[in-house]
Amino acid sequence: MKKTTEMKVSPMSKLTPLAEAISQNVHDGDVVYAAGFTHLIPFASGHEIIRQNKRELVLARATPDLIYDQMVAAGCARKVIFSYMGNPGVGSLRIIRSAIEKNTLEWEEYSHFGMISRLQAGAAGLPFMPMNQTAATDLERANPLIRRIIDPYSGHEVVTVPALNPDVAIVHVQRADENGNAHLWGIVGEQKEAAFAARRLILTAEEIVDESVIRSDPNRTLIPGFIVDSVCHVPFASHPSYAQGYYDRDNDFYLKWDKISQTADGVRSYLDEWIYGVKDRGEYWQKLGSETQKRLSVKPRLSQPVNYGNY
Amino acid sequence: MDLEYSSSELMIVNAARLLKNGDVVFVGVGQPNLACNLAKRTHAPDLVMIYEAGVIGAEPARLPLSIGDPTLVSGALSVVSMYDIFANYLQRGNVGVGFLGGAQIDKFGNINATFIGDDYTQPRVRLPGSGGAQEIAAWASRCYIMTPHQKRRFPEKVDFLTSAGYLDRSGSRQKAGLRGRGPVGVVTNIGYLQPELTGELVLTALHPGKTAQEAIENTGWDLKVVEDLRITDPVTEKELQILREELDPTGIYIKSA
Numbered sequence: 017m018k019k020t021t022e023m024k025v026s027p028m029s030k031l032t033p034l035a036e037a038i039s040q041n042v043h044d045g046d047v048v049y050a051a052g053f054t055h056l057i058p059f060a061s062g063h064e065i066i067r068q069n070k071r072e073l074v075l076a077r078a079t080p081d082l083i084y085d086q087m088v089a090a091g092c093a094r095k096v097i098f099s100y101m102g103n104p105g106v107g108s109l110r111i112i113r114s115a116i117e118k119n120t121l122e123w124e125e126y127s128h129f130g131m132i133s134r135l136q137a138g139a140a141g142l143p144f145m146p147m148n149q150t151a152a153t154d155l156e157r158a159n160p161l162i163r164r165i166i167d168p169y170s171g172h173e174v175v176t177v178p179a180l181n182p183d184v185a186i187v188h189v190q191r192a193d194e195n196g197n198a199h200l201w202g203i204v205g206e207q208k209e210a211a212f213a214a215r216r217l218i219l220t221a222e223e224i225v226d227e228s229v230i231r232s233d234p235n236r237t238l239i240p241g242f243i244v245d246s247v248c249h250v251p252f253a254s255h256p257s258y259a260q261g262y263y264d265r266d267n268d269f270y271l272k273w274d275k276i277s278q279t280a281d282g283v284r285s286y287l288d289e290w291i292y293g294v295k296d297r298g299e300y301w302q303k304l305g306s307e308t309q310k311r312l313s314v315k316p317r318l319s320q321p322v323n324y325g326n327y
Numbered sequence: 006m007d008l009e010y011s012s013s014e015l016m017i018v019n020a021a022r023l024l025k026n027g028d029v030v031f032v033g034v035g036q037p038n039l040a041c042n043l044a045k046r047t048h049a050p051d052l053v054m055i056y057e058a059g060v061i062g063a064e065p066a067r068l069p070l071s072i073g074d075p076t077l078v079s080g081a082l083s084v085v086s087m088y089d090i091f092a093n094y095l096q097r098g099n100v101g102v103g104f105l106g107g108a109q110i111d112k113f114g115n116i117n118a119t120f121i122g123d124d125y126t127q128p129r130v131r132l133p134g135s136g137g138a139q140e141i142a143a144w145a146s147r148c149y150i151m152t153p154h155q156k157r158r159f160p161e162k163v164d165f166l167t168s169a170g171y172l173d174r175s176g177s178r179q180k181a182g183l184r185g186r187g188p189v190g191v192v193t194n195i196g197y198l199q200p201e202l203t204g205e206l207v208l209t210a211l212h213p214g215k216t217a218q219e220a221i222e223n224t225g226w227d228l229k230v231v232e233d234l235r236i237t238d239p240v241t242e243k244e245l246q247i248l249r250e251e252l253d254p255t256g257i258y259i260k261s262a
């Protein structure tokens, strides 16, 4: 596989340094969707948004995860939109939880299916999405954007949620070409939906590969380059989340954040040391050190190749 | 000889036994995950485990800390988007069993995982929220709840209805058009609760050595006890061995009270 450095960059290339992509595409007050259900969470972009001191953002994600806990801690957010506000497998997202309990942060809440249906509607260019009733009606009362309509065919009520069209989506993938045609595999959560729903799309990739690599396996291309605004080559962009086949999830850090986020001092010194104190993801990854890098490395487990046929 | 085990181990073992070979189960992270993996390694080798991250037929080689762990993907039957897992699998009716937990479970098996307090906009304690629980409770063919048996966890009525049990009585689910039967059993560290015809949860079994009085004292409503109260089978050495040596060797989930 060819890497960026070995490739001739075509005039059409969308390759952009991450800092530039963020400053061009993320503006104060934007609705941001940093995609990825546990997997491929774009932490490097979140950290860059923090470094660039963006303000008043509306942060939408099914699971805010540590990335939004950190962005809220850094003062980037006016509001969060979510469907599960926890530290997966660990417990609370302490920063967001406490901001909600103190009423210093707005929030808007759905079930997972409601949240993802919003993106699906946005991605498909529909105004809303219907869902079957769940009878758990308290959330409908709590969130007036969850409504009901009569199914014109059966006459029964269905629940609806409005399309979500974020101002900007950020999606991290395993590999993409310089135009943003992107392969991703493993847990594919809501990346494709977020990409199509958003008005602007920043794509970051573990590897930048030649277009021929993408064309060798077109079924794996979930995002076509022509909907992408910026392509950034950012290895290890997802740590402490992971990239299937590239590096493991840093479960120790997810447990550690639970401790760090117990005190304002702990959070401040984390942000100072690991976000404001490093210039980019490369420096962050180096700073993690060889022991952590080794702990997160994974042995290969290849799929059987498929035969597309030569026609 | 009496085996020693934690409350968590007791609950996990009893939850595992509720699964049938061939069930398609929507697996939650933590204790339900251990229960499903234990069942698969004992009496239910053909259990199909689905994770809400979009993984179908997972065969995790290690204990996944999160619901989206990479070990769930490697060797799985299929991986699909979140929209697909909720629409084609859950809403369409392709999931047999769901596992649920929550901060509060009430008399009719309704679950609160959203907040504690009396005003949604001023939560006294804010919890993570629904995730997939709202849909699992509605659309899986049958659901089980796992929770420690404590009065504060078993109020007469939940503060917030995150996931529907039998609502205010049996029959309300059907009126809302839900395909799933709802919570057919609640496993606690004292015993086992099941809905009677009205949808009210009543005590139908005790774990060895526990008493109905303990269950009543730790329930927030006037808990009824069935006449033919059953005693659950003792936890076996084999079950504990799989849990401790294979599934949770560092004791993340089995040691907690």
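Protein chains in written order, with this note's numbering: chain C, 17 to 327; chain E, 6 to 262. By construction, the Cβ of each residue, glycine as well, lies at the ideal position given by its N, Cα and C atoms. As the structure is a computational prediction, the values presented were derived from the model and not from experiment.
Within chain C, partners of Thr-167 of chain E - CB distance below 9 angstroms
Ser-127, Ala-152, Asp-154, Leu-155
For Ala-49 of chain E versus Ala-20 of chain E, is the C-beta spacing smaller than 7 angstroms?
no
Closer than 8 angstroms by C-beta to Tyr-270 of chain C: which residues in its own chain qualify, once you throw out the five before and the five after it? Chain order, please.
In chain order, Leu-82, Asn-103, Pro-104, Gly-105, Val-106, Pro-256 place their CB closer than 8 angstroms to the CB of Tyr-270 of chain C, counting only its own chain and leaving out the 5 sequence neighbours on each side.
Hey, how far is the Cα of Lys-70 of chain C from the Cα of Asp-183 of chain C?
Going from the Cα of Lys-70 of chain C to the Cα of Asp-183 of chain C covers about 14 angstroms.
DSSP state of Cys-148 of chain E mapped onto helix, strand, coil:
strand
Does DSSP put Trp-123 of chain C in a helix, in a strand, or in coil?
strand
So, using beta-carbon positions, are Ile-66 of chain C and Ala-90 of chain C closer together than 7 angstroms?
yes
Cross-chain neighbours of Leu-172 of chain E in chain C, by beta carbon under 8 angstroms:
Ala-151
Does any residue of chain C bring its CB to less than 7 angstroms from the CB of Pro-268 of chain E?
In the structure as shown, chain E begins at 6 and stops at 262. Residue 268 of chain E is therefore absent and cannot be evaluated.
Reference Leu-287 of chain C, options C:Asn-181, C:His-63, C:Gly-130, C:Pro-160, closest by Cα:
C:His-63
For the putative contact between Tyr-126 of chain C and Asn-159 of chain C, defined by C-beta atoms under 8 angstroms, what is the C-beta separation to the nearest angstrom?
Yes, they are in contact, since the Cβ atoms of Tyr-126 of chain C and Asn-159 of chain C sit about 7 angstroms apart, within 8 angstroms.
Please classify Tyr-327 of chain C as buried or exposed, where buried requires at least 16 other C-beta atoms within 10 Å of its C-beta.
exposed
Whose C-beta lies closer than 7 angstroms to the C-beta of Asn-267 of chain C among residues of the same chain, with five residues either side of it excluded?
none
Could you list which residues in chain E have their beta carbon closer than 8 angstroms to that of Ser-264 of chain C, in chain order?
Looking at the sequence shown, residue 264 of chain C is not Ser but Asp. Under a criterion of Cβ atoms nearer than 8 angstroms, the residues of chain E adjacent to Asp-264 of chain C are, in order, Pro-75.
Closer than 8 angstroms between beta carbons: that is the criterion. Which residues of the stretch 193 to 205 of chain C meet it against chain E?
Trp-201, Gly-202, Ile-203, Val-204, Gly-205
Does the distance from the CB of Tyr-149 of chain E to the CB of Gly-101 of chain E come in under 7 angstroms?
no
Looking at chain E, is there any beta carbon in it that lies within less than 7 angstroms of the beta carbon of Phe-53 of chain C?
yes
Beta-carbon of Pro-58 of chain C versus every beta-carbon of chain E: anything under 7 angstroms?
Output row for Pro-58 of chain C: interface = no.
State the DSSP-derived secondary structure class of Lys-19 of chain C, mapped to helix, strand or coil.
For Lys-19 of chain C, the predicted model reports a pLDDT of 44, less than 50, meaning its position is unreliable; a value from the coordinates is still stated below. In the structure shown, Lys-19 of chain C sits in coil (DSSP, three-state: anything other than H, G, I, E or B).
Just to confirm, are Leu-121 of chain C and Asp-85 of chain C a CB contact at a threshold of 7 angstroms?
Their beta carbons are not under 7 angstroms apart, which means Leu-121 of chain C does not touch Asp-85 of chain C by this criterion.
To the nearest angstrom, how far is it from the Cα of Pro-33 of chain C to the Cα of Ile-239 of chain C?
20 angstroms
Contact with chain E by Glu-117 of chain C, beta-carbon distance below 7 angstroms
yes
For Ala-181 of chain E, which residues in chain C fall below 7 angstroms Cβ to Cβ?
Gln-149, Ala-151
Chain-ordered neighbours of Ser-99 of chain C on chain E, where CB pairs are closer than 7 angstroms
Per Cβ cutoff of 7 angstroms: Gly-134, Ser-135, Gly-136.
7 angstroms Cβ cutoff, Gln-36 of chain E in contact with chain C
Residue-level contact check: Gln-36 of chain E does not touch chain C, since none of the beta carbons of chain C fall below 7 angstroms from its beta carbon.
Rounded separation between Thr-20 of chain C and Ala-66 of chain E - CA only:
Model confidence at Thr-20 of chain C stands at a pLDDT of 46, short of 50, so the residue's coordinates are unreliable and nothing is read from them.
Taking 7 angstroms as the CB-CB limit, is Ala-262 of chain E close to chain C?
Caution is warranted here: a pLDDT of 48 is assigned to Ala-262 of chain E, below 50, making its placement in the model unreliable, and the coordinate value is therefore given only provisionally. No, because no Cβ of chain C sits closer than 7 angstroms to the Cβ of Ala-262 of chain E.
What residues of chain E sit near Gln-260 of chain C, judged by a beta carbon separation below 7 angstroms?
Pro-75, Val-78
So, helix, strand or coil for Glu-64 of chain C, using DSSP?
helix
According to a CB-to-CB cut-off of less than 8 angstroms, which residues of the stretch 90 to 108 of chain E neighbour chain C?
Residues of the stretch 90 to 108 of chain E with a C-beta atom less than 8 angstroms from some C-beta of chain C are Phe-91, Ala-92, Leu-95, Gln-96, listed in chain order.
Counting C-beta neighbours from all protein chains within 10 Å, is the total for Leu-142 of chain C 16 or more, i.e. buried, or is it exposed?
By the Cβ neighbour-count rule, Leu-142 of chain C is exposed, with fewer than 16 other Cβ atoms within 10 Å of its own.
Return the Cβ separation of Gln-36 of chain E and Tyr-197 of chain E in integer angstroms, given the expectation that the two are a contact with Cβ distance under 8 angstroms.
Contact doesn't hold; Cβ gap of about 15 angstroms is too wide.
Could you give the C-beta distance for Ser-329 of chain C and Pro-58 of chain C, rounded to a whole number, given that I count them as a contact under 8 angstroms?
Nothing can be reported for residue 329 of chain C: it is not among the residues displayed for chain C, which extend from 17 to 327.
Tell me the rounded alpha-carbon separation between Gln-139 of chain E and Ile-291 of chain C.
36 angstroms
Cα-Cα separation, Lys-30 of chain C to Gly-196 of chain C
CA-to-CA, the gap between Lys-30 of chain C and Gly-196 of chain C works out to about 7 angstroms.
Per-residue contacts from Ile-132 of chain C into chain E (C-beta, under 7 angstroms):
Met-87, Tyr-88, Phe-91
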